[in-house]
Structure formats: structure tokens, C-alpha cells
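Protein chains in written order, with my numbering: chain A, 42 to 296; chain B, 80 to 340. Even for Gly, the Cβ is constructed at its ideal location relative to N, Cα and C.
Written out as C-alpha cells, the structure reads:
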């Protein structure tokens, strides 16, 4: 696959704009207690608050139809970035603007409630992805059969293997016909055959104009799929551009 | 069109329905005797307490067992929904972290799933009509029951929102809820009638919307009397105020839920 020029895609309409985004988490030595906090506030002694910034001052734009890879080591802020874009948490500073329907696939298990049956999970997730009841009813069979889980739809997902969970999550996400698909390390699970099936599906989505943001700590799949790469290091965006040179540098840095 | 965050639409009601029914079914499956157990529990309680109060303490309340049963079934709804709503963000942590939907849905769904249980338990009352024919009055006031129950649901919805969201940030909330329910139990006429309470203390009960709801329902079912205007006021005003406050508290802490879970 010949990577497209970044300059060319930048002229396309923007689907995602991340503007000087930072995220702070409060750090606790221990879980706070309501009673003690109220008492301390009454005496005017608020407990000290430590902050920790997994992401700081991140800015980039993604055009419609781009496939962008995000690479970085563990703890570099990749997953936090994806959660922020998905709307699963809020930025502490800066703003994130998204146009259209987002389908986040935030890592393994994709937020299924363990007690729920496969069927219930699909209903839940598909609704959270913005599908209507009619769309879900119409797509249910396709979702389950793509995930090869039709026989297990009445089984609570806590009995699923990690591969089965990943298959179900991936299947729901791609059937939601998203404008922007967020994939977090999803291709690292599932067997080779299913990975191949997923890649085929991703290529189809790319052809049909879906924008994809793809997170991975391994550069392999990023090289194959993406026409642009973002490299995060310690919560900072250190490179943004063509995959070839950036991934070479990334691999060299990883040793 | 630029949007911040996910689109809001009526499909969220569908999520509410899926979670409510899931919770209800899961509970139903987990109980050895199924639904029978949740019917048996209030009846056994009623039997024991009526025996104690009519034989040992000699209560003069007419039709005491039915009086008691109504109180116990209502209280069961209150305590189970508050207790279960407390831990909801912890038990649904995975979903909260990785999918995007209005977080209010979770505590509300838990509360509503107990509302289904409550309906089933309340239907036990019909079995007692032939046994205690004097305890039930057929009257137009019965039509007010859904309205009173709607306020009960609204009140519990408010409570569920507060305790669920606070419990994410402060893990001692579960204990506080337990203690709070214990106090509330005695501030609500669950197993005693209001008129045994001496006058200065009765004012405390007047401020408790639950007391109003319990009294109103008993009056409607057992005496066929519609609640007075004052009683309506004691139900409606605190309920709406509490719900408003709880919505604001929820909005305030909502962003933190996503970081803490």
C-alpha cells in the first residue's frame, strides 16, 4: 500500500480536531473518605492533592478518510488519548472536536459487563455507539456471525475467552458504520485467521472512506495500515507524519 | 456540524431498558427459589412482626398484619434500591470506562429493576384480600396509587444518583448508606403508625417525604381516603427538591466518576 501524502489529506475536511489537550488525574495515597473529607473541610484543612499528567499539550487534526496510527511505549498516554477522543473521559485542558459518529474499541473486553450475555452486550454496546433499536435488530445476525459467536449469544461474557471478547467487540464496532473508528491494541488478540479477517474489514472500511485512529505499541500493523503516524512519548506528541521514517526512528529508539 | 462528545438521543432509553431487565433477570436467576423467595420474605416478616406486636406488645392498630405488610414491602423497595445503587459504578466499572453513554442510566436502571421486584411483591397484597376483607377499601382513591408511587420512584431515583456517584469518589459511602437507612427506617412509619408518636416528634416525621408516602398509601388502600393537601405537599415538595439537588450533585461529580472508577 502506497502511503498517501499528508499534505494532500490535510486539505480534506477535518473530522477530528485535538487542540492543546491535556489530562490530569488526581493521585491518591489512599482512597478518600467522605466523612473525613467533610470534617477536614470544616476545619479548613483540605487534603493535599497531587496531580499526574498522562497527556499534556497535544494538538493535531485528522482529515476525513485518513488512517492514523498512534505509537508509543506503555504509559506514553496512547490509551488516555483514545479515551478522551471517545468521550469516555473529559480533558482537563484544551478541547476535542469530533464530527460524526465515533466507534471506540478501547482495548480488550470493550467494556462488556461480565454478567451480561453476548446478546445483551451487543445491544448495550451498539446503542452506546449510536445505533437505533431497529438497526441493532437488523444487524444482530451479521454482528454475531462475523464474531463467530452465534452459538454463544446466550452465554454470559465472563465465560468468553479473551479472543471471543475481542471478536465480539470488533464486530460491533465495525458494524456500527462509524465515521471515525478508534482501535486500541485490538489486533494483538484473536488468532491469525481472525486478525486477517479484521484486517480485510479494515481495508474495506478504508476504501469506503472511514477515518481510523489505530493505537499500537508494535509498529508492524501500523506500517501496513496507516498513512500517517503520531508518536507519543511521556504524554507528549514528539512526531507527526509519514509512517516510514517515524517508525524507523521509533524502532531504533525502542532498541 | 461540530459536536463535543457523543450524540444524545432517545436510544439511551433503550440502554436503560436493557440494563434494568438484565439486573432484574440476573437477580431472579441467582435466587434458589426464584421469584418465590422475594414473595416469601415480606410475608414471613409480616407473620413474625404481627405476632410480636399483637400478642406481645398489644398494638391496637386495626388490621395490623396488612398495615405491616404494606410498610415492609415499601421499605424493602427503598432499602434494596439504595443499597444496590451505591455500588453500581464499581460493579459496572468496565462498561463505564470503555463505553460512552449518560452515566445517570446506571443508578436509575438499578432502582427501576427493584421497582419491578416491588410490583411483584406488592401483588401479594391481592392474596390477602379474602383473608382480611376489612383491611381493604374499594374506592376511587385507589386511582391515586400510581401518582404516589411515581413520587416514590422519583425520590429513590434522586437517592440512587447521589449515593452511586459519591461512592465512586469516597469508598465509605456504602457504610454511610447502611447507617443512614437504619436511621431512616425508624424515622419512617414502617412498622408503627404515626399516631403512636407524641406530638413534638411527629413534626420530624412530617419533614420526611417517605413518611408521607407510606401514610398516603396506607390511607388509600386501607381506608379509601385520598391524601390531604398538606400530605401531598409533604410528599411533592421535598421529593422535587431532593431530586433537583441530586441531579446537580450528580452533574458535579460525573466527570470525576470517569477518572476514579
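Taking the Cβ atom as the reference point for each residue, do residue i and residue j lie within a distance shorter than 7 Å?
{"i": "residue 131/B", "j": "residue 127/A", "result": "no"}
{"i": "residue 223/B", "j": "residue 299/B", "result": "yes"}
{"i": "residue 94/B", "j": "residue 168/A", "result": "yes"}
{"i": "residue 118/A", "j": "residue 95/A", "result": "yes"}
{"i": "residue 288/A", "j": "residue 260/A", "result": "yes"}
{"i": "residue 187/B", "j": "residue 171/B", "result": "no"}
{"i": "residue 273/A", "j": "residue 113/A", "result": "yes"}
{"i": "residue 99/A", "j": "residue 62/A", "result": "yes"}
{"i": "residue 292/B", "j": "residue 231/B", "result": "yes"}
{"i": "residue 252/B", "j": "residue 261/B", "result": "no"}
{"i": "residue 220/A", "j": "residue 135/A", "result": "no"}
{"i": "residue 193/A", "j": "residue 152/A", "result": "no"}
{"i": "residue 203/A", "j": "residue 188/A", "result": "no"}
{"i": "residue 156/A", "j": "residue 105/B", "result": "yes"}
{"i": "residue 146/A", "j": "residue 214/A", "result": "yes"}
{"i": "residue 114/B", "j": "residue 128/B", "result": "no"}
{"i": "residue 163/A", "j": "residue 137/A", "result": "no"}
{"i": "residue 120/A", "j": "residue 265/A", "result": "no"}
{"i": "residue 267/A", "j": "residue 286/A", "result": "no"}
{"i": "residue 346/B", "j": "residue 301/B", "result": "The structure shown does not extend to residue 346/B, since chain B is modelled only from 80 through 340, so no value can be given for it."}
{"i": "residue 318/B", "j": "residue 235/B", "result": "no"}
{"i": "residue 134/B", "j": "residue 333/B", "result": "no"}
{"i": "residue 129/A", "j": "residue 92/A", "result": "no"}
{"i": "residue 76/A", "j": "residue 139/A", "result": "no"}
{"i": "residue 303/B", "j": "residue 177/B", "result": "no"}
So residue i is in the alpha helix (DSSP H); what residue range does that whole segment cover?
{"i": "residue 78/A", "result": "75-83"}
{"i": "residue 289/A", "result": "284-295"}
{"i": "residue 119/B", "result": "114-130"}
{"i": "residue 338/B", "result": "308-339"}
{"i": "residue 121/A", "result": "119-127"}
{"i": "residue 152/A", "result": "First-last for residue 152/A: undefined, no H or E at that position."}
{"i": "residue 229/B", "result": "224-248"}
{"i": "residue 215/B", "result": "Premise fails: residue 215/B is in no alpha helix (DSSP H) and is neither H nor E."}
{"i": "residue 269/B", "result": "Where residue 269/B is concerned, there is no enclosing alpha helix (DSSP H), given that its DSSP letter is neither H nor E."}
{"i": "residue 206/A", "result": "203-216"}
Return the bridge partner residues of residue i from the DSSP annotation.
{"i": "residue 93/A", "result": "66/A"}
{"i": "residue 274/A", "result": "277/A"}
{"i": "residue 108/A", "result": "253/A"}
{"i": "residue 245/A", "result": "Note: residue 245/A sits in no beta bridge, so no partner."}
{"i": "residue 265/A", "result": "Beta-bridge pairing links residue 265/A to no other residue."}
{"i": "residue 103/A", "result": "57/A"}
{"i": "residue 158/A", "result": "197/A"}
Can you tell me which of the options puts its alpha carbon nearest to the alpha carbon of residue i?
{"i": "residue 222/A", "options": "132/A, 74/A, 90/A and 144/A", "result": "144/A"}
{"i": "residue 98/B", "options": "120/B, 258/B, 133/B and 174/B", "result": "174/B"}
{"i": "residue 243/B", "options": "124/B, 155/B, 318/B and 169/B", "result": "169/B"}
{"i": "residue 96/B", "options": "193/B, 120/B and 137/B", "result": "193/B"}
{"i": "residue 226/B", "options": "145/B, 119/B, 143/B and 306/B", "result": "306/B"}
{"i": "residue 247/A", "options": "120/A, 123/A, 108/A and 190/A", "result": "108/A"}
{"i": "residue 53/A", "options": "82/A, 177/A and 103/A", "result": "103/A"}
{"i": "residue 250/B", "options": "319/B, 140/B and 339/B", "result": "339/B"}
{"i": "residue 312/B", "options": "216/B, 297/B, 296/B and 285/B", "result": "285/B"}
{"i": "residue 251/A", "options": "93/A, 105/A, 76/A and 90/A", "result": "105/A"}
{"i": "residue 158/B", "options": "247/B, 282/B, 140/B and 289/B", "result": "289/B"}
{"i": "residue 165/B", "options": "220/B, 198/B, 248/B and 205/B", "result": "248/B"}
{"i": "residue 277/A", "options": "57/A, 68/A and 116/A", "result": "116/A"}
{"i": "residue 117/B", "options": "334/B, 152/B and 128/B", "result": "152/B"}
{"i": "residue 275/A", "options": "263/A, 97/A, 244/A and 180/A", "result": "97/A"}
{"i": "residue 206/B", "options": "144/B, 241/B and 221/B", "result": "144/B"}
{"i": "residue 208/A", "options": "236/A, 58/A and 165/A", "result": "236/A"}
{"i": "residue 269/B", "options": "156/B, 102/B and 137/B", "result": "156/B"}
{"i": "residue 295/B", "options": "322/B, 150/B and 107/B", "result": "150/B"}
{"i": "residue 240/B", "options": "160/B, 126/B, 320/B and 325/B", "result": "325/B"}
Identify the continuous beta strand (DSSP E) that holds residue i and give its terminal residues.
{"i": "residue 145/A", "result": "143-146"}
{"i": "residue 134/A", "result": "134-139"}
{"i": "residue 224/A", "result": "221-225"}
Scan the region 161-199 of chain A and note each continuous alpha helix (DSSP H) run of 4 residues or more that stays entirely inside, going in chain order. 174-187
Sequence ranges, alpha helix (DSSP H) only - wholly within the region 133-203 of chain B, length at least 4: 143-165, 167-170, 172-177 and 184-201
Between the region 159-175 of chain B and chain C, which residues of the former have CB atoms less than 7 Å from a CB of the latter, in chain order? No chain C appears in the structure shown, which is made up of the protein chains A and B.
Just list the alpha helix (DSSP H) runs in the region 276-310 of chain B, keeping only unbroken ones of 4 residues or longer that don't cross its boundaries, in chain order. 278-286 and 288-297
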